[in-house]
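Peer 1: Got a structure here, written out as structure tokens. Questions coming.
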Amino acid sequence: MSKGSERLKDEGSKKQVILAGGIAGLVSRFCIAPLDVVKIRLQLQTHSLSDPLPHTGTNGPIYRGTLSTLKAILRQEGITGLWKGNIPAELLYVCYGGIQFTTYRSVTQLQSGLPRRLPPSVESFISGASAGAVATAATYPLDLLRTRFAAQGNEKVYTSLIASIRDIARHEGPRGFFQGLGASVGQIVPYMGFFFASYESLRLLLGSLELPLGSGDATAGILASTLSKTGVFPLDLARKRLQVQGPTRTRYIPRNIPEYRGVFHTLQTVMEKEGFRGMYRGLTVSLVKAAPASAVTMWTYERALQFLMRREIIE
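Per full-length UniProt numbering, the sequence shown starts with residue 1, numbered consecutively.
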């Protein structure tokens, strides 16, 4: 394996990797929070995209694209509406970033000790998929809370983070915190595997071009994220629909979210009632969000790790 590919995986102590990953997640989340809220609102909207009168049978605001959704949220809920769910989301991204990069580093080092090395792209896929699965499962309750807060309009379903935890525990039990986990893991394993595999390859290629301000890392993150996100998007939509199931399902925006029973039932129902295009509702804003999020994450991670190493902070 080339030195350029080894650098991301092997430099820095374990504590430095955790801190750099957490910083990257924190900065990335704050930057893309409004687009995340827009994405969730679009994914939960259930009217058929082919319906000439999409408002028929829909109780709640009608969103018709990224910009119109942004304007509608600003008009109806104010600027703070674009950062709904930001507290659990910030906790999610910090924890997720630290766990993701730590697992990626650990699995990569474990593979390097095997008597027979796998091809670099395969090693990157395994490390990325493992990192995504572990980080997703460990932080999933925060992901669910983020979705529910982002989905509530002016009517407060939950008044605070603590209140939401108590309410879900009381009325839905421990399983309530893991609604849609199957779809999430099913999505994140191929997504992160392909993301890291393509990121490593693109990073080496772009690194030779010596782009200014370290933009090669950011560009590689954008391209890798776009390719990976498109392939697994229907599972992401299923995850969002499942996360708002439960006794509060009819109180979100929109209010007519159907009742789904598992990943396959969700995908089947969406295909039957909303068509193939319905499976990709919110894809545009998802790609718009994912590209800068990945670029900011990888760029911040690289710079934060280098800073920690230069200053010899927390060896």
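Ideal placement from N, C-alpha and C gives every residue a C-beta, glycine not left out.
1) Can you tell me the Cα-Cα spacing of residue 3 and residue 204, whole angstroms?
2) Find the nearest neighbour of residue 157 within the set 134, 255, 221 and 276, judged by alpha-carbon distance.
3) May I ask which residues mark the beginning and end of the alpha helix (DSSP H) holding residue 38?
4) Look at residue 282 and residue 189 and say whether their C-beta atoms are less than 8 angstroms apart.
5) Pick helix, strand or coil for residue 56, following the three-state DSSP scheme.
6) Can you give me the Cβ contacts of residue 185 inside the same chain, cut-off strictly under 7 angstroms, excluding the 5 residues immediately before and after it?
7) Exposed or buried, which one is residue 274 when buried takes at least 16 other CB atoms within 10 Å?
8) Suppose the cutoff is 6 angstroms on Cβ atoms and the five residues either side in sequence are ignored; what does the same chain contact list for residue 139 look like?
9) Under a three-way DSSP split, which group does residue 158 fall into?
10) Per the contact definition of three or more C-beta pairs closer than 8 angstroms, is the region 190-199 in contact with the region 245-259?
11) Could you work out which residue in 145, 36, 287 and 98 is closest to residue 232 when comparing CA atoms only?
12) Evaluate residue 168 with the Cβ neighbour count: other Cβ atoms within 10 Å of its Cβ, from every protein chain shown; 16 or more gives buried, anything less gives exposed.
13) Suppose contacts are defined by Cβ-Cβ distances below 8 angstroms. Is residue 270 in contact with residue 237 by that definition?
14) Would the region 110-124 count as touching the region 73-88 if we require 3 or more Cβ pairs under 8 angstroms?
15) Which two residues bound the contiguous alpha helix (DSSP H) that contains residue 280?
16) Give the secondary structure of residue 245 by DSSP, where H, G and I count as helix, E and B as strand, and everything else as coil.
17) With distances taken from CA atoms, which of 198, 87, 155 and 177 is nearest residue 127?
Peer 2: Looking at the atomic coordinates:
1) Legend: pLDDT at residue 3 = 41, less than 50; position of this residue unreliable, value from coordinates given subsequently. Each residue's Cα considered, the two are about 10 angstroms apart.
2) 255
3) 14-44
4) no
5) Only weak support exists for where residue 56 lies, its pLDDT of 47 falling under 50; the value from the coordinates is given anyway. Residue 56 falls in the coil class under three-state DSSP.
6) 133, 136 and 137
7) buried
8) 92, 95 and 96
9) coil
10) no
11) 287
12) buried
13) yes
14) no
15) Note, residue 280: premise wrong, no alpha helix (DSSP H); not H, not E.
16) coil
17) 198
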